[in-house]
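With UniProt numbering as the guide, the letters of the sequence shown map in order to residues 1 to 276. Encoded as structure tokens, the structure appears first; notes follow it.
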Amino acid sequence: MSVNRVRPDVSVLSDSLEVPGIGHIPVNSFVLRAQQPVVVDTGLGLPDRSFPDTLAGVLDPADVRWIWLTHPDRDHTGGIHALLEAAPKAKVVTTFIAVGIMSCERPLPLDRVHLLNPGQSLDVGDRTLTAFRPPLFDNPATVGFFDDLTGVCFSSDCFGAPMTSADTAEEGDVSAIPVEELRAAQLLWASVDSPWVENVDPKRFLDTFRLLRDREPELVLSTHLPAAAGMTERMIDTLGSAAGISPFVGPDQAALAQMLAAFEPTATADPDLPVT
Numbered sequence: 001m002s003v004n005r006v007r008p009d010v011s012v013l014s015d016s017l018e019v020p021g022i023g024h025i026p027v028n029s030f031v032l033r034a035q036q037p038v039v040v041d042t043g044l045g046l047p048d049r050s051f052p053d054t055l056a057g058v059l060d061p062a063d064v065r066w067i068w069l070t071h072p073d074r075d076h077t078g079g080i081h082a083l084l085e086a087a088p089k090a091k092v093v094t095t096f097i098a099v100g101i102m103s104c105e106r107p108l109p110l111d112r113v114h115l116l117n118p119g120q121s122l123d124v125g126d127r128t129l130t131a132f133r134p135p136l137f138d139n140p141a142t143v144g145f146f147d148d149l150t151g152v153c154f155s156s157d158c159f160g161a162p163m164t165s166a167d168t169a170e171e172g173d174v175s176a177i178p179v180e181e182l183r184a185a186q187l188l189w190a191s192v193d194s195p196w197v198e199n200v201d202p203k204r205f206l207d208t209f210r211l212l213r214d215r216e217p218e219l220v221l222s223t224h225l226p227a228a229a230g231m232t233e234r235m236i237d238t239l240g241s242a243a244g245i246s247p248f249v250g251p252d253q254a255a256l257a258q259m260l261a262a263f264e265p266t267a268t269a270d271p272d273l274p275v276t
């Protein structure tokens with residue numbers, strides 16, 4: 001994981017995951033250095049990386065007061081229990097549905113949960129965070145938010161895009177990606193992550209972007225996209241065109257068998273050769 005400071009009070013903890021046939025998916029968490037510090041999502045939590053250790057490069061985990069869980073998918077919750085141990089004063093901001101989903105694996109301690117629904121707000125000392133449901137999502141518990149002090153939008157999976165390499169996926173910002181390349185990548189992600197857009201009414205779907213248009217955030221932060229500054233309207237136009245898009249269809253068993261057949265067989269030792 002790498003750390004990118006995108007605003008004086010906002011840092012991105014950047015990671016990525018390669019998905020064959022799709023690309024390198026950015027997997028970001030965020031630190032908002034409010035008066036009561038907020039961590040947004042907790043990454044992949046893979047065995048070779050410690051979320052609290054990465055966070056410590058930005059903020060002492062013991063100082064964290066809020067862990068905003070945008071939804072309970074595994075790429076957002078990987079480090080949550082380790083962080084709860086390292087941040088004994090922190091509470092998890094999430095929804096009733098998310099708590100229920102997580103109870104199927106490792107339940108959250110209910111005395112450390114703060115339930116918040118879209119349209120409600122959280123006071124973190126020097127600013128208010130206003131929850132909203134992003135236009136695109138892959139989990140019914142998804143809740144992003146606007147920082148009412150700075151206007152920054154934390155959009156969860158919405159606006160995501162596969163990148164061509166891990167280095168690009170973990171860049172500090174997305175401005176170097178050509179416009180048409182980014183547009184194609186965001187529409188691909190919409191077809192992968194939100195396949196239900198195939199069946200939406202275009203007008204009603206466009207209406208779900210109204211809050212974003214009214215807020216006009218100068219900076220949009222997505223779990224699955226490098227930081228995007230000064231391009232909100234363009235990205236809204238891209239995603240607004242996703243209504244009716246065909247869902248992504250991955251390889252089937254025949255394709256998997258073909259891929260496996262193309263792999264070189266593992267070399268085996270000749271029992272007649274001497275061991276050196």
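A virtual CB, placed ideally from N, CA and C, is assigned to each residue, including glycine. None of the values given here were measured: they were computed from a predicted structure.
1) Quick one: what does DSSP say Asn4 is sitting in, helix, strand or coil?
2) Taking one C-beta from the segment 102–115 and one from the segment 39–50 each time, how about it: are there three or more such pairs within less than 8 angstroms?
3) Excluding the 5 residues flanking Pro195 on each side, which residues of the same chain have their C-beta closer than 8 angstroms to its C-beta?
4) Can you list, in chain order, the residues of its chain whose CB lies under 6 angstroms from that of Thr54, leaving out five sequence neighbours each side?
5) If contacts are defined as beta-carbon pairs under 8 angstroms, then Leu225 and Pro26 qualify, I think. What distance do you get, rounded to the angstrom?
6) Locate the alpha helix (DSSP H) running through Val249, then write down its first and last residues.
7) Please list, in chain order, all residues of the same chain as Ala62 whose beta carbon is under 8 angstroms from its beta carbon, the five residues on each side excluded.
8) Under the DSSP definition of a beta bridge, which residues are partnered with Asn28?
9) Could you give the residue range of the alpha helix (DSSP H) that holds Ala87?
10) Report all residues from its chain with a CB closer than 6 angstroms to the CB of Ala185; omit the five preceding and five following residues, and keep chain order.
11) Restricting to Cα atoms, I'd like to know which of Asp75, Asn4, Gln35 is closest to Leu17.
12) Considering Phe145, what are the terminal residues of the beta strand (DSSP E) in which it resides?
13) Which residues share a DSSP beta bridge with Ile22?
14) Find the nearest neighbour of Asp207 within the set Val19, Leu188, Gly230, Leu239, judged by alpha-carbon distance.
15) Could you spell out the range, first to last residue, of the beta strand (DSSP E) harbouring Ile67?
16) Can you tell me whether Lys91 is buried or exposed? The criterion is at least 16 other CB atoms within 10 Å of its CB, across all chains shown.
17) Using only the alpha-carbon positions, how far apart do Glu233 and Leu260 sit?
18) Restricting to Cα atoms, I'd like to know which of Phe96, Ala176, Val40 is closest to Gly157.
19) Is it true that the segment 140–159 meets the segment 119–132, where meeting means three or more beta-carbon pairs spaced less than 8 angstroms apart?
20) When you compare the CB positions of Ala190 and Val200, do they come within less than 7 angstroms of one another, or not?
21) Quickly, what does DSSP pair Asp123 with across the bridge? List them, please.
22) Of the residues Pro140, Ile101, Gly144, Ala98, which one's Cα is nearest the Cα of Gln120?
23) What does DSSP give as the partner residue(s) for Leu59 in the beta ladder?
24) Can you list, in chain order, the residues of its chain with a C-beta nearer than 8 angstroms to that of Gly78? Leave out the 5 residues immediately preceding and following it.
25) Should Ala242 be labelled buried (16 or more other beta-carbon atoms within 10 Å of its own) or exposed?
26) Grab me the residues of Pro118's own chain with a C-beta within less than 8 angstroms of its C-beta, minus the 5 sequence neighbours each way, in chain order.
Taking the coordinates as given:
1) Asn4 falls in the strand class under three-state DSSP.
2) No: the two stretches stay apart, fewer than three of their Cβ pairs being nearer than 8 angstroms.
3) Here the set comprises Pro247, Phe248.
4) So the qualifying residues of the chain are Met1, Leu13.
5) So it is a contact: roughly 6 angstroms between Cβ atoms.
6) Unbroken run through Val249: none, as it is neither H nor E.
7) In the same chain as Ala62, and ignoring 5 residues on each side of it, the C-beta atoms closer than 8 angstroms to its own belong to Ala86, Ala87, Pro88, Lys89, in chain order.
8) Asn28 pairs with Ser14.
9) No alpha helix (DSSP H) holds Ala87; DSSP gives it neither H nor E.
10) Cβ neighbours of Ala185 beyond the five flanking positions: Ala161, Pro162.
11) In terms of CA proximity to Leu17, Asp75 leads the group Asp75, Asn4, Gln35.
12) Note, Phe145: beta strand (DSSP E), 144–147.
13) DSSP output for Ile22 lists no bridge partner at all.
14) It is Leu239 whose Cα lies nearest to the Cα of Asp207.
15) Run containing Ile67: 66–68, per the beta strand (DSSP E) assignment.
16) Counting Cβ neighbours within 10 Å, Lys91 comes out buried, since at least 16 surround it.
17) Near 43 angstroms, if we compare the C-alpha coordinates of Leu260 and Glu233.
18) Here residue 157 turns out to be Asp, not Gly, going by the sequence shown. The residue with the shortest Cα to Cα distance from Asp157 is Val40.
19) Short answer: they touch.
20) Ala190 places its beta carbon 7 angstroms or farther from that of Val200.
21) Note: Asp123 sits in a beta bridge opposite Thr128.
22) The residue with the shortest Cα to Cα distance from Gln120 is Gly144.
23) None, per the DSSP bridge assignment.
24) Closer than 8 angstroms at Cβ, skipping near neighbours: Thr42, Gly43, Leu44, Gly45, Leu46, Phe51.
25) Of the other Cβ atoms in all chains shown, 16 or more fall within 10 Å of the Cβ of Ala242; this residue is therefore buried.
26) Short of 8 angstroms from the beta carbon of Pro118, and not among the five residues preceding or following it, lie these beta carbons of its own chain, in chain order: Ala131, Phe132, Arg133, Val143.
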